[in-house]
Structures are given as structure tokens and as C-alpha cells.
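Residue numbers (this note's numbering), protein chains in the order written: chain A, 370 to 604; chain B, 5 to 398.
Each residue gets a CB set at the ideal place from its N, CA and C atoms; glycine is no exception.
Computed from a prediction, not measured in an experiment: that's the story for all the values here.
Before any comments, here is the structure.
If you want it as C-alpha cells, here you go:
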């Protein structure tokens, strides 16, 4: 999936509408964009702009109502639920605002969770999860449960979980939203480091200008459409 | 996902909510234990009665006036001692025919008294029934012919009226008339708490005078071989009907008595099992209910697992295994409890309990089936959750 000729994500005129109490609501009204392997992109927009919907589509949690969406070169709209699950498992890593760690489970087992659904053996899962936790600087916290970790550490566990499957695309939804400034900066620098060292395409959805400023490309979303698409460092 | 993994995840989830899992299981535990225990009691009752009927002896045909049916009132008997010879001719040997006329009477020695069944019998009883003596001798034909006032005591009667004194040769009063003790029966035990040793035998002639009657209540015939039982049966009835025109008589074999009792007790066992099965059903509904709550509570976890690559099947399997585990573990505990309770009841109460091999197996299979049946709906709900919606749930 690291083939340089295949874009990480390619969306052409993607629309997504929902039925709410019998009324059709358009969340995305024709979005076209292309994210190359190894890019670092921020998606910015106010709430209700459709950026969450876009995030779900890029993450293969949802299918577009119309238009074509290719993730890792595969057309999402024609895939079954099971195929989508496997695509998520193999090519996408998620980082959520609220961490979404399993509470009664150790950091190691939390990180190893995606590999469970890949059918890997326990020993290999442990090895890879340990390596992923070491990569985010938590090699000394393997047996800790989320409740025993600080917010910043929890989000780093979540990043390790997103990484462990060696995805080609890492989606982070407001990854610093629940963190203090220092922890937030740490998390962002880890994301930037992973992007630089491993060539993982990173898409950060945010409404914070400082977070967006870290990215080399910023896509502005408003009213279900791409409003702006700038490249280059601003910070 | 490997199925072993789904199993481990389910086990972890159950362990994480120990109290809730235990309480949910309790419904299944009680249901299964009730099935095992009640079936054991039903089977125990059946076996006890069968052993008792078989313990009488073999190839016995009981001849009584009227129709032999459970629940029908006993008919007034017109049978007399002369019928012994009549039936003896049918069988070919009057030594194989025993008679009985019985009544409940008070027996006493000094101030000690007991209420027992007094059986007026002839000397052929030991030929027909399997009733060994512990000591002394049984009633003889001379005792019957001369209406001698002698008595053979049931085993428990001895202690009640004589205490530790040796009863042989001593006097005992039956309904105000003195009898001499000539023998003591070997104990036969209790059935459902009823003492079967609380009876005494006296010569039938002495009994008829004591009770003030000429009749006998019934006759018992021992067929020479088991093959001859069936052909003798109608001939005995025919012979009596010829003598007493217009009267009805019945001859029942042990097999028929066993069949009738067996049917009644099997039905009883079935009814008990059905009642217990209802509680198992209620337990299953409890499992379903808790699983639905669990799915709702863990919506976000389900959403996360799906985002990380869990397929609908993986999530469904996880929750189904959880429900089945609850039921299977509950079922095993219930079987243990039911078997333990059965053994306890058998040991300390007069009720016999027999654990048949099929009832724990059936209970286990049913509880596993209950788990699958009641686990499917919540598990499907979990599997079908939309990850986007599930992740957003607070």
C-alpha cells in the first residue's frame, strides 16, 4: 500500500446525505480531493461543516451516497461491510479526541487489539504492540490500564494502536481536543515524527489553528464543500 | 478473528462484571438445578415403588373383587376361605394361593401400645410372597384350622410394644384379645416415610372372628412360571365369576401394577420437569435482558472494535459466546447443585432421589440452547451497530 503511484485517498465528487425524520440532509455536497502517500494534511472547518462526515468516509466507516471514493486504490462504495472492516484494519489507523481505549484492558492489549482482528498469533501481537508503544515513548507503561495513565499518555497509547497495523493512512479526529497544551504539543510532534519517519499519510481533523499550522497542507471545509486547499508551512 | 480469541474476549467481559454475571447466571443455575433435582425425585419415587412391587416376590397375581383401578372405591368382598380351594384347583396347587383380610387395630403389651395393620392370613403366605422371618416361626395350617391365637410381628412393632424384651413366646393384646408371639419378620424398611414393618400377621380364621366377618379381602396366587402368569390370569377371574354370578373380579399381575404406577410416576416426573423448565426459561430471559443492557452499555466499545477492523461476525460471535458462556457455566453449576441437592435429599429425607444419566445431560444441552436462543437477538443487535453512530454514543 506504499506504492507511490497510488494515492492514499482519492475522492471524486463525493456526496453524503442523511435521512433525518424523513428530510434529506446533505452533509457533503460534492467533495473532490486527493491525498498522496506520506502527506500531512489538516482538515479544518467549523462544527457542522461536514468535516466529521468526511473523516468517517476517509476512514471507511461509511460509504458515500454518490461519487467515487478510493482508499488505498480500492473503491469503497462497492465494498461489503466485511470488506470495509478488513480495509480499515489493514490500511487505516484511527486516533480519536476521546482516546477510545478499553478501560479494563492494559495498554499493551489495547494496542494489540487491531491485530486480533487480523488473526495474528498472540506472541506476534505482543511483540508488535510492544514495539509500537516503545515508538511513542511508552515502553515502560505496557501493563498500565488507561485509568492509570495521564491524558497525554492515553492519547499516545491510542496513537500506538493506530500504528500497530502499519497503516498507510492515519486519521486523527481532534487528537489534542481533550489535552492540555503541553501534552497536545507532544502528541502532535509524535504524529509529525511518524509522518516523517515512516511515510504514513496523516490527516488531522481540527478546528484549532495551531494544530492545523503543523500540517504541510490544509483543507478547509464549509457547508459540505471544500472551501480552500493550501499547501506549505505557515508556522 | 480466531474463535479462541472471541472466547477470551467474552470471558474477560464476564469477569469484568463479576457480580452481574453471577446474578444473571443464578437464573440458569436455579432452573437447571430444579430440573435435575425434580427429575431425580420423580425417578426415585418410580424406582422405589418398582423395587417394592418386585420385592413382593415373582409371578404373583393378586385377585380382588370388583374392578381394579386407581381411584375407584374398594368393592364389598364376597370372597371366602373356600375360594382358596377353588383357585388352588385352577393353579393346580392350593399351596400357591394366599388370602388376606386386614384391618387397622391397636396392639398392646402392658401400657405400651401401637396402631398397626393386622393381616389375617393363611399358612401359604411364605410360598407366595417373599417375606422372610428374622426369628421364630410362621403361622401353620394347624394354627389356621384351629383358629389359634398366635401372631407374627413386623420388625418395627417389636420395639414399640416390647422394648428390649425378647417377644418370642410372650403375650400381646390385639383389640382386647390376647395372642402369643411366634415369630418376627425381617425388616423391609420404609417407603416415602411410611413404615412398612408396622404390621402383624395372625391366622385368617382368628382374624375373621376378631373383626367379626366371614369374608376375605383378596387372594394372591403365585404362578408356577413367569410364562404361565398371563394365561392363569383370565382363568382365575373366570372361575370366580362362575361361582359368584353377576359379580366382577379382577386379577392383576405385578407387570400390570408396575405399568400403571410407572405411567403415573413418569407423568409426575414430566410435570415436575416442565415446571422446572419454566424457571430455566425465565433464567434465559434474564440472560437475554442483561445481554441487551450490556450491548447498550458497550456501544462505544463495539464502535471502536468495528473501527479497528472487527467484522459484524466478530462482534456477533463475541456477544453470543458471552451469552452461551453465562448459560453453560450456569448450567454446570446448576447440575452440580441439583446433583448435590438430590444426594442430600436422598440421604437425609425419606424421599428417594435417583439421578438418571440423561437429566444432567439434557439440562446442560437445554441451558446451552437457551444461551444461543436468548443470546442471538442481543448479539445480532451488537453486530449490526453502525460504527459511526456507535462511536458517537456517550
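Quick one: give me the first and last residue of the beta strand (DSSP E) that residue i is part of.
i	result
residue 310 of chain B	Counting along the chain, residue 310 of chain B falls outside any beta strand (DSSP E), though it belongs to the alpha helix (DSSP H) covering 303-311.
residue 64 of chain B	64-69
residue 124 of chain B	116-125
residue 110 of chain B	101-113
residue 401 of chain A	392-404
residue 222 of chain B	222-226
residue 206 of chain B	203-207
Considering only their Cβ atoms, is the gap separating residue j from residue i smaller than 8 Å?
i	j	result
residue 101 of chain B	residue 91 of chain B	yes
residue 186 of chain B	residue 208 of chain B	no
residue 106 of chain B	residue 219 of chain B	no
residue 521 of chain A	residue 574 of chain A	no
residue 534 of chain A	residue 458 of chain A	yes
residue 327 of chain B	residue 39 of chain B	no
residue 406 of chain A	residue 584 of chain A	no
residue 523 of chain A	residue 470 of chain A	yes
residue 442 of chain A	residue 375 of chain A	yes
residue 37 of chain B	residue 345 of chain B	yes
residue 132 of chain B	residue 142 of chain B	no
residue 396 of chain A	residue 409 of chain A	no
residue 103 of chain B	residue 125 of chain B	yes
residue 293 of chain B	residue 203 of chain B	no
residue 380 of chain A	residue 412 of chain A	no
residue 529 of chain A	residue 501 of chain A	yes
residue 531 of chain A	residue 539 of chain A	yes
Under 8 Å between C-beta atoms, does residue i make it to chain B?
i	result
residue 518 of chain A	no
residue 370 of chain A	Low local confidence applies: a pLDDT of 47 at residue 370 of chain A is under 50, so the model's placement there is unreliable, with the coordinate-based value given in what follows. For residue 370 of chain A, the answer is no, since every Cβ of chain B falls outside 8 Å of its Cβ.
residue 384 of chain A	no
residue 514 of chain A	no
residue 604 of chain A	Low confidence applies here, because residue 604 of chain A scores a pLDDT of 48, under 50, leaving its location unreliable; read the following figure in that light. No - not a single Cβ of chain B is within 8 Å of the one on residue 604 of chain A.
residue 466 of chain A	no
residue 600 of chain A	no
residue 539 of chain A	no
residue 471 of chain A	yes
residue 430 of chain A	yes
Out of the options, which has the shortest C-alpha to C-alpha gap to residue i?
i	options	result
residue 68 of chain B	B/158, B/199, B/157, B/242	B/242
residue 191 of chain B	B/162, B/169, B/172, B/174	B/162
residue 310 of chain B	A/380, A/498, A/454, A/551	A/454
residue 503 of chain A	A/485, A/487, A/526	A/526
residue 391 of chain B	A/597, A/410, A/599, A/428	A/428
residue 425 of chain A	A/445, A/592, A/508	A/445
residue 173 of chain B	B/140, B/146, B/199, B/167	B/140
residue 306 of chain B	A/398, A/486, A/421	A/486
residue 221 of chain B	B/253, B/204, B/229	B/253
residue 274 of chain B	B/369, B/363, B/211, B/377	B/363
residue 93 of chain B	B/381, B/216, B/227	B/227
residue 318 of chain B	B/389, B/166, B/25, B/240	B/389
State yes or no: is the beta carbon of residue i nearer than 8 Å to at least one beta carbon in chain A?
i	result
residue 301 of chain B	no
residue 392 of chain B	yes
residue 24 of chain B	no
residue 308 of chain B	yes
residue 383 of chain B	no
residue 267 of chain B	no
residue 369 of chain B	no
residue 52 of chain B	no
residue 311 of chain B	yes
residue 7 of chain B	no
For residue i, would you say it is in contact with chain C, using Cβ-to-Cβ distances shorter than 8 Å as the test?
i	result
residue 304 of chain B	Chain labels in this structure do not include chain C; the protein chains are A and B.
Is residue i near the ligand ZN, with its Cβ less than 7 Å from a heavy atom?
i	result
residue 355 of chain B	What this structure holds is no ligand at all, so the ligand ZN is not there to describe.
Could you give the residue range of the alpha helix (DSSP H) that holds residue i?
i	result
residue 364 of chain B	362-388
residue 325 of chain B	316-352
residue 58 of chain B	22-59
residue 421 of chain A	420-427
residue 166 of chain B	159-166
residue 494 of chain A	491-504
residue 605 of chain A	Given a span of 370 to 604 for chain A in the structure shown, any question on residue 605 of chain A remains unanswerable.
residue 240 of chain B	232-247
Chain-ordered residues of the region 313-330 of chain B with a beta carbon less than 9 Å from chain A: 313, 314, 315, 316, 317, 318
Selection of the region 394-426 of chain A by Cβ proximity to chain B, strictly under 8 Å: 425
Interface residues of the region 477-508 of chain A facing chain B [CB-CB below 8 Å]: 482, 483, 485, 486, 487, 488
Members of the region 447-461 of chain A near chain B, C-beta cut-off 7 Å: 450, 451, 454, 455, 457, 458
Residues, ordered as in the chain, of the region 11-23 of chain B that lie near chain A by beta-carbon distance below 7 Å: 20
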